[in-house]
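Chemist:
Below, the structure is given as structure tokens:
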């Protein structure tokens with residue numbers, strides 16, 4: 001589902017600030033959809049997961065990608081197979097840290113793709129993206 005949304009922020013100065021803004025926006029969007037944030041920017045030696053939310057009894061591991069334009073395939077195509085593997089391994093580690101078993105715990109991997117001007121983003125939420 002893609003929609004255009006206006007944001008009250010000015011253009012960020014650097015990539016870190018852009019990432020912080022887009023991840024905050026994605027988190028706000030997911031909460032508005034009824035999901036509950038469990039963790040943001042979970043990091044371990046295996047990798048990082050941008051946002052972890054609960055959708056009822058399902059853990060949802062969300063990768064947030066932003067691209068200013070559709071050049072080179074846009075935000076969705078920026079998530080490589082290698083990146084997907086890192087996210088899966090990091091998710092398994094997260095579940096283990098929570099005392100959960102990755103084989104018996106309901107989970108999925110979503111992507112929030114943000115594109116366009118940082119002040120007027122198009123958002124696409126791909127459930128079960130990989």
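Numbering (this note's numbering), first residue to last: 1 to 130. Glycine included, each C-beta is placed from N, C-alpha and C at the ideal position. All figures in this text were calculated on a predicted structure; none of them were measured in a lab.
Pick out the complete beta strand (DSSP E) segments inside the segment 23–61, 3 residues or longer, and give them in chain order.
Modeler: Complete beta strand (DSSP E) runs here, min 3: 36–44 and 47–55.
Chemist: Do residue 116 and residue 69 have their beta-carbon atoms positioned less than 9 Å apart in this structure?
Modeler: Contact: yes.
Chemist: Taking Cβ to Cβ, would you say residue 60 is nearer than 9 Å to residue 53?
Modeler: The answer is yes: Cβ separation under 9 Å.
Chemist: Going by DSSP, what residues sit across from residue 113 in a beta bridge?
Modeler: Beta-bridge pairing links residue 113 to 65 and 124.
Chemist: Is there contact between the segment 20–30 and the segment 40–56, where contact requires at least three CB pairs shorter than 8 Å?
Modeler: Yes: at least three Cβ pairs fall under 8 Å.
Chemist: Ordered along the chain, which non-local residues of its own chain (more than five positions away) have a Cβ less than 6 Å from that of residue 91?
Modeler: Around residue 91: 61.
Chemist: As a quick exercise: from 14, 16, 15 and 21, pick the residue whose alpha carbon is nearest that of residue 119.
Modeler: Nearest C-alpha to residue 119: 21.
Chemist: Going by beta carbon distance, what residues of the same chain come within less than 8 Å of residue 142, once the five residues before and after it are set aside?
Modeler: Because the chain is modelled from 1 through 130, residue 142 falls outside the range shown and cannot be assessed.
Chemist: Taking the C-alpha atoms as reference points, what is the distance between residue 79 and residue 108?
Modeler: Going from the Cα of residue 79 to the Cα of residue 108 covers about 16 Å.
Chemist: For residue 42 versus residue 94, is the C-beta distance shorter than 9 Å?
Modeler: Result yes, Cβ atoms of residue 42 and residue 94 sit closer than 9 Å.
Chemist: Could you pull the DSSP bridge partners for residue 207 from this structure?
Modeler: No answer is possible for residue 207: it lies beyond the span of the chain, which begins at 1 and ends at 130.
Chemist: Check whether the Cβ of residue 117 lies closer than 9 Å to any Cβ atom in chain D.
Modeler: Judged by its chain identifiers, the structure shown contains no chain D, having just a single protein chain.
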